[in-house]
Each structure stands twice: as C-alpha cells, then as structure tokens.
Amino acid sequence: MQILKKPLITEKISAMNEQGVYGFVVEKTASKPEIKKAVEKMYGVKVEDVRTMRYAGKPKTRYTKTKIVSGYSNAYKKAIVKVAEGEIIDFYGEI
1 MQILKKPLIT EKISAMNEQG VYGFVVEKTA SKPEIKKAVE KMYGVKVEDV
51 RTMRYAGKPK TRYTKTKIVS GYSNAYKKAI VKVAEGEIID FYGEI
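Under the UniProt record's numbering, think of the first position of the sequence shown as 1, with each following residue one higher.
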C-alpha cells in the first residue's frame, strides 16, 4: 500500500515551502509515524513534525438532460510535513 498519494501544490502550501513545510494527500488509514517514515524514505529528508487533516466528501449534484444525478466527492486525508532546517523537497525535479 502506498501511503503518499500525491504532493499538494497550492498557493498557500507553496508559500510555506520556504519555511520547510510541505503538503501531501495521503492514504486515509495512514498514521503520523507511517507518513513520517514514507516521506523520509521517498525524499531522503529528516521530518520534524507531521500534522494531519481528514476531509469528508462534499455533496454534489449534476443536472443532465434526463435526470438529476446526486452523489459525493471523494473523502481524503491531508498531511502537512515540516522537515529539518536546511533540507528541501524538490517536487519539480522530475519535470
């Protein structure tokens, strides 16, 4: 099971990258120690702090020609990771 799904690249998180804070969308069942180990292994940095947030799926409605389709968007979990001072994670290195 892959714990880190994708990095979060938003304006707010990108502004926090200068302070060594990065965001990731993670598996809903992942714990803080698991997230810490996964980030350290994948990016080769020392993680100081992990904060997590769970988001429930929001109700969505779409109107089509034949009927109204209702459902929910996907629920997800977000992790905010603080790395040791002087270390960076380069998301754009592969591009």
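A virtual CB, placed ideally from N, CA and C, is assigned to each residue, including glycine.
query: According to DSSP, is lysine 78 helix, strand or coil?
result: Here lysine 78 sits in strand by DSSP.
task: Return the Cβ separation of valine 25 and lysine 5 in integer angstroms, given the expectation that the two are a contact with Cβ distance under 8 Å.
output: In this structure valine 25 touches lysine 5 by the C-beta definition: roughly 5 Å separates them, less than 8 Å.
message: Rounded to the nearest angstrom, what separates lysine 41 and isoleucine 9 at their Cα positions?
response: Taking the straight line joining both Cα atoms gives about 20 Å.
- request: List the residues that DSSP assigns as beta-bridge partners of phenylalanine 24.
  value: Answer is Pro7, Ala79, bridged to phenylalanine 24.
Three-way DSSP call (helix, strand, coil) for serine 14 in this model: Serine 14 sits in a helix when the DSSP states are folded into three classes.
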